[in-house]
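Written out below as structure tokens is the structure these notes cover.
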Amino acid sequence: MTALIKKGLLYILILNLAFPSAASARKAGFADVLITENRGEITLYARVTDCFTRDMERAILSGVPTTFTFFIELYQDVPYLWDKKLVSKTVKHTVKFDSIKKIFLFTTTRKKGSEQFTNFEHAKRAMSELNGVNLIPVSALKQGNSYYVRMKAKLDKIHLPWGLESVLFFVSLWDFETNWYEQRVNYP
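Quick note on this note's numbering: the sequence shown kicks off at 15 and runs consecutively.
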């Protein structure tokens, strides 16, 4: 009887590993995307959803620096040919928890210096949001042409201290990368 129970539990474990639950199968994606004109620039606002797992949160809270990289491209539609890439930008957001001071240090390639948060939710929000990324001057766009923005977000590989990489092989399980997201630019 106990051998049958052990086999049943092993079978359930294998099924759980082979077919993860719907909750763990969430796919990160973009939401609240806004492309607008601001002070003579085409400006992007967006937010990545479902990008933090429990394992990732635990790693951040234990002091592992975590970086999201955003890839942003602006294209002009060219009929019957390949579309013309006008802009290609990379934006990085990094958060690191200082367990002694109990603060989250947030840095971005868009600004010098760092911001400090005492609240983890505020730090996660800063990590997942693109607020006012200038793409191109409006004067560079031609009226009557069609344009669109493509973007993608990715969690950078974690570089752990020597010796821990072989022990903590599971950190790759919380890597994420969104699909390419595309949205038209409404320019008259």
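All C-beta atoms, glycine included, are put in the ideal place defined by N, C-alpha and C.
Opposing strand residues paired with residue i [DSSP bridges]
i    : result
A167 : F84
K103 : I86
N52  : E55
S128 : T121
V61  : For the record, residue 61 in the displayed sequence is Arg; it is not Val. R61 pairs with A45 and E143.
E196 : R164
E191 : K168
F111 : F118
K98  : Q90
Extent of the continuous beta strand (DSSP E) run through residue i
i    : result
F118 : I117 to T122
E143 : E143 to P151
Neighbourhood of residue i by C-beta, 6 Å cutoff - its chain only, sequence neighbours within 5 removed
i    : result
D46  : R61
D91  : D97 and S160
K103 : I86
K166 : F85, T192 and W194
D170 : T81 and T83
V101 : L88, L149 and I150
Residue span of the alpha helix (DSSP H) that contains residue i, given as start and end
i   : result
L75 : R68 to L75
Residue i at chain D interface by Cβ criterion, 8 Å
i    : result
N148 : In summary, chain D is missing from the structure at hand, where a single protein chain is found.
Cutoff 8 Å; reference residue i; Cβ partners in own chain excluding five residues on either side
i    : result
F152 : As written in the sequence, residue 152 is Val, which differs from the Phe given in the question. Excluding residues within five positions, the ones whose Cβ falls inside 8 Å are E51, G54, E55, I56 and Y201.
F120 : H107, T108, V109, S128, E129, Q130, F131, A137, A140 and M141
V105 : T83, F84, I86, T122, T123, R124, L144 and V147
G77  : K110, F111, D112 and S113
A42  : V62, T63, D64, C65, A167, F190, E191 and T192
F44  : A60, R61, V62, T63, M165, A167, T192 and Y195
I117 : F111, Q130, F131 and T132
Residues near residue i by beta carbon distance below 7 Å, same chain, minus five either side
i    : result
I74  : T80, V109 and F111
V199 : I49, I56, Y161, Y162 and V163
Q197 : V47, I49, Y162 and V163
K99  : E87 and Y89
Should the stretch 121-138 be regarded as contacting the stretch 151-170, the criterion being three or more beta carbon pairs within less than 8 Å?
no
So, does the stretch 110-118 touch the stretch 85-102, judging by three or more C-beta pairs under 8 Å?
no
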